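**Student:** Just so you know, UniProt numbering puts 13 at position 13 of the sequence shown, and the rest follows in order with no gaps. I have a structure I would like to understand better, so I am pasting it below and will then ask my questions one at a time.
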Amino acid sequence: MALVRMIIVDELPFRFVEHDGFIYFMGVVEPRFLVPSHLTVARDCIKLWFGEREKLISYMKLGQRVSLTTDTWTSIQNLNYMCLTCHYIDDGWTYQKRILNFCIVPNHKGETIGKTIERCLNDWGIKMVITVTVDNAKSNDVALDYLKKKLEMKDGCMLGGQFLHMRCAAHILNLIVQEGLKGIHNSIVKVRNAVRYIKLSPKRMDRFKEAVEDEKIQSKSLLSLDVPTRWNSTYLMLEAAEKFERAFDRMHEKDVEFSSYFMEVDGNGK
């Protein structure tokens, strides 16, 4: 199982074991080792997961107290996902974290989220919950109200559930910063459009690199496009773009498409 654990810990593809380099390496290290196929590795990973799952279930059934974090999002395929993670201190006073569930949910409604969490807790034999940390979506208020009622019926809340519903500090900070960024929204949109224009095409990126060389700009990193809902990614985008201000000016002078692109998209929030 050591090979399987390496695949999991290093997040390697199952077909890694079929790469020529790995086969050659194992042939030198231990010629008698029979390298398994990727299908065998996949089966062994599942077998290992089931074994670890049973161990965790047995441990949780002893009355382990846990805190939970959960988040939901929608993929580009319009599928709704939810991830539920538990956090706890083991018998050796070591912090542990385990993903309990990563699943598709029908929608983001509060009751749906609450029932999904409840079902997951039952599956893992978790009876005592200290806190559940979620973002500030209204649906989470409904989800936690539902979950609190269910846990209280089984005496599964610490301190009567007074601290069960914890609001994610990182999400609160993101909302605060996003509100502050509204004052410079137009400027951010212009930078975002410029970066998007260049990153949309390899040819444009090559022209931009030429502009960077012409302006003798020294930088190990290139442009970064932000995720508008993540303030830190917006900061990184602006920080990177500021270094290449002269390169953008040169692009504006020499690239007709660059100028026309801004005439089309500026001001509409794209």
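Where is the CB? At the ideal position from N, CA and C, for every residue including glycine. All of these numbers come straight from a predicted model, not from anything done at the bench.
Over the uninterrupted alpha helix (DSSP H) stretch that includes Ser67, give me the two end residues.
**Tutor:** Element bounds for Ser67: not the alpha helix (DSSP H) but the beta strand (DSSP E), Arg65 to Thr74.
**Student:** Would you identify the three-state DSSP class for Cys168, choosing helix, strand or coil?
**Tutor:** Cys168 falls in the coil class under three-state DSSP.
**Student:** Closer than 6 Å by C-beta to Ile110: which residues in its own chain qualify, once you throw out the five before and the five after it? Chain order, please.
**Tutor:** Checking the displayed sequence, the identity of residue 110 turns out to be Gly instead of Ile. Within the same chain, Gly110 has close Cβ partners Ser139, Val142 and Ala143.
**Student:** Can you give the Cα-Cα distance for residue 315 and Val134, rounded to whole angstroms?
**Tutor:** Residue 315 lies beyond the residue range present for the chain, which begins at 1 and ends at 270; the question has no answer from this structure.
**Student:** Can at least three beta-carbon pairs, one atom from the region 123-130 and one from the region 154-170, be found at a separation below 8 Å?
**Tutor:** Yes, the region 123-130 touches the region 154-170.
**Student:** Taking the beta carbon of Arg207 as the centre, do at least 16 other beta carbons fall within 10 Å, making it buried, or is it exposed?
**Tutor:** Its Cβ being crowded by 16 or more others within 10 Å, Arg207 is buried.
**Student:** Taking only runs of the beta strand (DSSP E) that begin and end inside the region 94-161, which ones reach a length of at least 3 residues, in chain order?
**Tutor:** Fully enclosed beta strand (DSSP E) runs of 3 or longer: 95-104 and 128-134.
**Student:** Please classify Tyr88 as buried or exposed, where buried requires at least 16 other C-beta atoms within 10 Å of its C-beta.
**Tutor:** The residue in question, Tyr88, is buried, as its Cβ has 16 or more Cβ neighbours within 10 Å.
**Student:** Does DSSP classify Leu84 as helix, strand or coil?
**Tutor:** If DSSP states are grouped into helix, strand and coil, Leu84 belongs with the strands.
**Student:** Mind reading off the beta-carbon distance from Asn80 to Ile104? Whole number of angstroms is fine, and I expect it under 8 Å.
**Tutor:** Indeed, because the Cβ distance is near 6 Å, the residues count as touching under 8 Å.
**Student:** Can you give the Cα-Cα distance for Thr72 and Leu100, rounded to whole angstroms?
**Tutor:** About 14 Å.
**Student:** For the alpha helix (DSSP H) containing Pro13, list its first residue and its last residue.
**Tutor:** No alpha helix (DSSP H) holds Pro13; DSSP gives it neither H nor E.
**Student:** In the structure shown, what three-state DSSP assignment does Ile217 receive?
**Tutor:** If DSSP states are grouped into helix, strand and coil, Ile217 belongs with coil.
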